[in-house]
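836 is the number of the first residue of the sequence shown in our numbering; add one for each residue after it. Quick reminder that beta carbons are idealized off the backbone N, C-alpha and C, glycines included. Being a predicted model, the structure only gives us computed values, none of them experimental.
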Amino acid sequence: MANLNKKPWAFLDEWRGSKFKGEWPTLPEMFEITAERYPDRNCFTVFEPDRVTLSYSESLKVVKDLAYWMTENGVTKGTHIAVSGKNSPEWAVVYLASLFAGGIIIPIDYGLHNEEIETLLKTAKPKLFFVDEEKFDFFAEKAKTESYIGSLYSLSKKHPEIYVYNLKPSGTPELAKAQENDTAAILFTSGTTGNPKGVMLSHKNFVSDCYIAQSNLNIYHTDVFYALLPLYHSYTMLAVFIEALSVGAELVFGKTLAVSKMLAELKAGKITMLLGVPLLFNKLLAGIFKGIKAKGIVVFGIIKTLMGISYFFKKVFKVNIGSKLFHGILDKASLGNVRIAICGGGPLAPNVCRAYNEFGIDFVQGYGLTETSPIIALNPKEHFKIASVGQYFISCMEMKILDPDEKGIGEVAVKGPMVMQGYYNMPEETAEVLSPDGWLKTGDLGWLDDEGYLYLCGRAKNLIVTAGGKNVFPEEIENMFQLYYNEIEQITAAGYQAEEGEEVEALVYPADELYKKLNMTRGTSEGDAAVQKEIDAIIETVNKKLLPYQRITKTTYLSEPLEMTTTKKVKRFKK
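This is the structure:
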């Protein structure tokens, strides 16, 4: 059970009255408290182009200087400020300064096409727009004739006159002060199943979720977080950026998912907290096993035996012997300093989660969505359940299953301080998912055990209903192929109309690695036929592990990959 008796946020009582009033501090108040507690602790670190680190006191000064400048340039309470760029200290400074000035920050996915960003800007109508170098010229040209962009500023030194760090105030004007229930950010959803919506999240949403999540996750000011996934996404924003700032931990900014650079930064930054998506953890694990297998079958067998012993000790006696047994292996994989790894953003194969725990890394699965700030369930590392996405925070929120079937499966609904205020300028869409008494329908199907652990089955709108009335969850089928990523780059399960009713089709985009392995060329009849034969065999193997009504009966091979979000989810509505 979540150890909510310890209340990781209890220390805030020391600051209530002097630094903030009410139940929760705002994000600026939280940052000021941390900077006062740990002024000399490293706050922001970046390795490109040179290693630069700012302490908490230095970061606070830079943030407040920009907030003063914003105030002198018309930003007041509720002003919209947009930012779009790679992960960087500059991005973080704009985010925080906007809130210090009383504004509402609107982080925009830097991976979107320019035209898609334009659409979001037209909806958000920011007064200021901070953008990175690759997209700057496009929006600089647009800003000459289009007012929806607002005033344009740069996150890059290549434009020194409007570079964020060069925007200096002439004085220290009074900053507009937000309250805990005021909107802090508008986050546009990725749109994997439709048009993006602007999720309005308050200071209370973020700060409460940040501290409540710590009841299932011990983090310290000595930790080093790695911001590898895009910060615009609620998952990284809360679980990396805001969590680090809440305890005085260091935040290392990663700008690319390139494996070689990532491994170098993991080692150089001495990362202790690694958050990622299934694709990242699958690749890291495959690299570890490749190195072990290279030592021969005997060594591989010994290590597999030791992994089983390690897991037994961890589950039964709560003793982590794996961190010592396998330190050399983890260090070679640049994971030697990693204390906790957290996976979110999609389902993870249970054997992957188990393998990391066997190696001695406390591997935690979590669950949430943008509309819940986002974390609403985490697997406590002392009492984790591999098949579950986590235990919800029972003393701080409510969770229930709507219209459960005979197996207890139904739509997951939640209520608590982390639930969004609503969708920006979309009252009808808000009413569809958020009840007047605060219950949010997540759109996810799952069930709860008697300890409050949640087990997800899939998205309600993706559900396949067979002719026999059986429910098939595409995500469960796709999950079976996670460790075949060297052969299959993408696989998406969907329903199709067969003679006797709906059955399961697999849309497959083969991996480049498989063509290389077979010495074949993509797009040639011979090459495609050879690759498809290999994948057909994999599908046949997986089908044997599935129940008869879940099995794939039709396979469509794609010549181009399906469009994905920056967190590596297929945009299903674009199929």
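Its chain contains no residue whose beta carbon lies nearer than 6 Å to that of S853 once the 5 sequence neighbours on both sides are disregarded. In this model, V881 and G1358 are separated by some 41 Å (Cα to Cα). Within the model, the alpha-carbon separation for V1199 versus S982 is close to 45 Å. Counting C-beta pairs closer than 8 Å gives fewer than three between the segment 1366 to 1384 and the segment 1074 to 1083, which falls short of the contact rule. In terms of Cα proximity to Y930, the closest of I997, A1302 and Y1067 is Y1067. Secondary-structure assignment with DSSP links M1234 through a beta bridge to V1249. Proximity of the segment 1172 to 1181 to the segment 1241 to 1248 falls short of the contact definition, fewer than three beta-carbon pairs being nearer than 8 Å.
Between the segment 877 to 896 and the segment 915 to 929 there are three or more inter-stretch CB-CB distances shorter than 8 Å, so the stretches are counted as touching.
Within its own chain, the residues whose Cβ lies closer than 8 Å to the Cβ of S1037, once the five positions on either side in sequence are excluded, are E1015, N1016, D1017, T1018, A1019 and Q1256, listed in chain order. Positions of the alpha helix (DSSP H) runs, each at least 4 residues long and wholly inside the segment 1139 to 1213, are given as 1157 to 1160, 1162 to 1167 and 1185 to 1193 in order along the chain. Within the model, the alpha-carbon separation for T1400 versus Y945 is close to 11 Å. Each residue's CA atom was taken as its position, placing T1301 and A1121 some 35 Å apart. Contact between the segment 984 to 992 and the segment 958 to 966 is present: 3 or more CB-CB pairs across the two stretches fall below 8 Å. Here M1261 carries a coil assignment [DSSP, helix/strand/coil]. According to DSSP, V966 shares a beta bridge with S919 and S989. Here DSSP, grouped into helix, strand and coil, assigns R886 to coil. The beta carbon of G1104 sits closer than 7 Å to those of T880, V1059, Y1061 and V1087, all from its chain and outside the five residues before and after it, given in chain order.
Cβ-Cβ distances below 8 Å link I997 to L987, Y988 and S989 in the same chain, with the five nearest sequence neighbours on each side left out; the list follows chain order.
As for any alpha helix (DSSP H) of minimum length 4 sitting wholly inside the segment 1323 to 1375, the runs are 1347 to 1353, ordered along the chain. By the criterion of a C-beta distance shorter than 8 Å, P884 is surrounded by no residue of its chain, once the five residues flanking it on both sides are discounted. The three-state secondary structure of S1037, taken from DSSP, is strand. Of all C-beta pairs linking the segment 1089 to 1101 to the segment 1129 to 1141, fewer than three are shorter than 8 Å, placing the two stretches out of contact.
Residue state for M1399 is assigned as strand, using DSSP reduced to three classes. Between L1298 and L1280 a beta carbon distance of about 7 Å is seen, short of the 8 Å cut, so the two are scored as contacting.
Linking A1248 to W844 through their CA atoms gives a straight-line distance of about 25 Å. Here DSSP, grouped into helix, strand and coil, assigns M1108 to strand. According to the DSSP assignment, G1122 belongs to the alpha helix (DSSP H) that extends over P1113 to K1128. Looking at the backbone, the Cα of Y903 and that of A870 are separated by about 18 Å.
For V1082, the uninterrupted alpha helix (DSSP H) segment begins and ends at E1078 to V1082. If only uninterrupted alpha helix (DSSP H) runs of at least 4 residues are considered, those enclosed by the segment 1261 to 1287 are 1262 to 1268. Here the segment 1158 to 1169 makes no contact with the segment 1223 to 1238; the two share fewer than three CB pairs at distances below 8 Å.
The count of Cβ pairs closer than 8 Å, one atom from the segment 1194 to 1211 and one from the segment 1039 to 1057, reaches three, so the stretches are in contact. In this structure, K1153 sits away from E1193, with a CB-CB distance that is not shorter than 9 Å. Contact check for W850 against P1252 fails: the beta carbons are separated by 9 Å or more.
The beta carbon of K1305 lies closer than 6 Å to those of Y1384 in the same chain, with the five residues before and after it left out. I943 places its beta carbon less than 9 Å from that of V918.
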